[in-house]
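**Q** FYI, the numbering for the sequence shown is 1 to 271, going by the numbering used here. Ideal placement from N, C-alpha and C gives every residue a C-beta, glycine not left out. Predicted model, so just to flag it, every value in this text is computed and none were measured.
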Amino acid sequence: AGAATALELAQQRGLVAARERELAAMRQRVDEALTALALLRGLDAMARPGDAGGAAVPLAQLRVPPIDPGLPSQLLVRRPDIARAEARLAAADQNVYAARAALLPSVSLNASLGGSGSGGLFGDPVYRLAAGVAAPLFDGGRLAGERSLAEARREELLQSYRGAIAAALADAQTALTGVAGLDAQAIAQAEELNQARRAEALAESRYRAGAETLLVLLDAQRTLHEARDREVQLMQSRLEARVALYRALGGGWRADAEDSALAQERSSPLH
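#1: Expressed to the nearest angstrom, what Euclidean distance is found between the alpha-carbon atoms of L245 and L37?
#2: Between the Cα of R63 and those of R242, W253, R254 and R247, spot the shortest distance and give me the residue it belongs to.
#3: Quick one: any contact between the region 246–255 and the region 64–74, if contact means 3 or more CB pairs under 8 Å?
#4: In or out: D229 buried (at least 16 other Cβ within 10 Å) or exposed?
#5: Under the rule that 16 or more other beta-carbon atoms within 10 Å means buried, what is A170, buried or exposed?
#6: Check whether the region 79–98 and the region 156–169 touch, using three or more Cβ-Cβ pairs below 8 Å as the test.
#7: Which residue marks the beginning of the alpha helix (DSSP H) containing G14, and which one marks its end?
#8: What is the rounded straight-line gap between the Cα of A4 and the Cα of Q11?
#9: Going by C-alpha distance, which of Q173, E204 and A227 is nearest A196?
#10: What is the DSSP secondary structure of G70, counted as helix, strand or coil?
#11: Are the CB atoms of L217 and E231 nearer to each other than 9 Å?
#12: If you count every other CB in all the chains shown that lies within 10 Å of the CB of G331, and 16 or more means buried, which is it?
#13: Just verifying my parser: in three-state terms, what is the DSSP assignment at A62?
#14: Determine whether the beta carbon atoms of Q221 and E191 lie at a separation below 9 Å.
#15: How far does the alpha helix (DSSP H) with R242 in it extend, from its first residue to its last?
#16: Within a Cβ cutoff of 6 Å, which residues of the same chain sit near A92, ignoring the five residues on either side of it in sequence?
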């Protein structure tokens, strides 16, 4: 209508072009995410987008999973790194037992041990027993060295196991801190969005009544759109924080009966 200058028109067209560029970049990221999801689900990477993750769910219908307070530390035993450390430690225990068994020969005590026998000196059971006990002591220390090596290896793996538990606890605590912090931000952001909606409604009402300029209304609308953008970004961050917690715990935070039994079994002391 001729009410705007050429400069203002060029500025607004530039803003529109910038938004179109942002939309194109977002569509590209959506396609890349769907392809990655298809690979994770074991599907063809070139499948149609709808095949990657099933029916699309609007963002407004997504619900952030709640997390119960006081999660038991036994949930961490489901982590692959702790399971691997436990398996190596158990194998090291068996190596220690094998070395100990090599140093202690298996002999059977019975009534004939004190008999005279007819095998001569070398056939005497007492001599054979003494020889069996003494043999490992005169092997140059090889068996004793193997036992010491096995025990040292077990101690090393025990320290690795302790380190894996400490790292798992740190991961879980970091994930829980992130979840709590983002949930607190969500409460404040919801109030921010409500006030932005209220300000936009008031600005539009006053503009229609002639009490405000169009610039004031446009500024209120811009503030509302920015608040909505932050709401979406915060929703994404909260969902990603739940995924991080899921990974830190080696599974979900609602352990069923099978997970509880596994946790109880694996949390028992190693023998």
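**A** If we stick to the structure as given:
#1: 20 Å
#2: R242
#3: yes
#4: exposed
#5: exposed
#6: yes
#7: A6 to L40
#8: 11 Å
#9: A227
#10: coil
#11: no
#12: The displayed coordinates of the chain run from 1 to 271. Any statement about residue 331 would go beyond what the structure contains.
#13: Residue 62 is actually Leu in this sequence, not Ala. The answer is coil: DSSP assigns L62 none of H, G, I, E or B.
#14: no
#15: L214 to A248
#16: R153, R154 and L157
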